[in-house]
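Inspection log for the structure reproduced underneath, given as structure tokens.
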Amino acid sequence: MSGRDGRPIVFLDVDGTLLPFGGDPAARRLVAGVGVRLAAMPCELVWATTWGEDANTGISPRLGLPRLPVVTWEADPGPGDHGLGLHWKTRGLATWAGTRPFVWLDDELTTLDSDWLRNYHPAPTLLEHIDPHEGVTPQTLTAVESWLHDL
Ligand SMILES: [Mg+2]
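Residues 1 to 151 (the UniProt record's numbering) make up the sequence shown, in order.
Structure below.
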């Protein structure tokens with residue numbers, strides 16, 4: 001982990017978020033134009049994906065992004081939510097963020113995650129649910145930019 005500054009964080013999922021699921025697995029393409037917009041955001045970009053460090057070798061260069069910090073998960077994250085139905089990443093991301101605000105882009109979010117973070121994270125959060133077949137859209141990025149600007 002690095003970059004524990006005070007900037008807001010944007011946690012990035014890969015599969016179904018930056019790399020949409022398509023009909024032909026071999027033809028999967030990263031969403032075009034995302035890297036430039038992400039790189040310009042006033043935040044710390046952080047990989048939050050099962051790709052782990054592979055996101056830095058397999059995805060960052062294709063998006064024109066530098067090497068980014070990577071959230072590391074427990075070997076077996078388990079449900080981790082005491083039956084609340086939270087995504088398995090949710091608590092780990094809140095812990096990683098500490099007291100910093102964060103955005104989380106992921107195709108597996110539910111309102112349980114946003115509700116839990118609203119109640120238990122000490123700073124504002126913005127969770128954007130991504131359509132896994134479309135990937136992150138320009139409209140989503142605009143919403144993130146506006147949210148970061150208004151913090
Ligand atoms: Mg995903």
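We put the CB at the ideal spot given by N, CA and C, even for glycine.
Collapsed DSSP secondary structure at residue i in the structure displayed
i, result
"T17", "coil"
"L12", "strand"
"T140", "helix"
"T95", "helix"
"W116", "helix"
"T125", "strand"
"W147", "helix"
Any non-hydrogen atom of ligand 1 closer than 8 Å to residue i Cβ
i, result
"T49", "yes"
"V14", "yes"
"E108", "yes"
"T17", "yes"
"P8", "no"
"P124", "no"
Buried versus exposed call for residue i [16 or more other C-beta atoms within 10 Å across all chains shown]
i, result
"W96", "buried"
Best match in the options for proximity to residue i [C-alpha to C-alpha]
i, options, result
"F102", "Q139, P132, T90", "T90"
"F11", "V31, P20, A143, E128", "E128"
Contact under 9 Å by Cβ, residue i with residue j
i, j, result
"A48", "W116", "no"
"P42", "P132", "no"
"G33", "R62", "no"
"I9", "L65", "no"
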